[in-house]
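Some notes on the structure that comes next.
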Amino acid sequence: QKQTRKCFISIAITLLSLINVVHALGSSSSLFSSSTDIDASSSKTAVVVAGTIDRPPYLPPNPTPMPEPLPTNLKHSYYLLRHGQSTANLAGIISSARSLAYSEKHGLTPLGWEQGRKSADQLTRLISKHNDAG
């Protein structure tokens, strides 16, 4: 099962590398025959390529092998929690500018506040349960 997981991850990394190469080449590349249909204008992760390859595409060398799985007896727990819906989310704005770190420019929507309250309750219960099991 461990080998299957490593193989699957290696295939996924190779496919993502190939998708990036196809995006970089676009439809004007001589790599693909004239019958190829490449949607390089899409901002989606997936790319549809139909046609024949005139020569093998460049693929990066095999990625480094995956590290061994972590031991199951680790003592620390980490919790990740994302903020609720913000006005920036609704506007389709993604910003990681440090100048906005403490800004109220893109505050939470009413739904975001409710999501935050529910998340706080869930996180509190999860931590309590973890501490009780202890």
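Just so it is clear: in the sequence shown, position 131 is 131 by UniProt numbering, and no numbers are missing.
Here a beta-carbon is modelled for each residue, glycine too, at the ideal position from N, C-alpha and C.
Quick check on this structure: which residue in A101, G116, L108, E68 has the alpha carbon closest to the alpha carbon of A91?
L108
Determine the closest residue to L80 out of M66, D132, Q122, with distance taken between C-alpha atoms.
Comparing Cα-Cα distances from L80 to each of M66, D132, Q122, the minimum goes to Q122.
Coil, strand or helix - L100 by DSSP
helix
Distance between beta carbons of I93 and H106, contact taken as under 8 Å
7 Å
Let me know the secondary structure DSSP gives L126 once reduced to three states.
Helix at L126.
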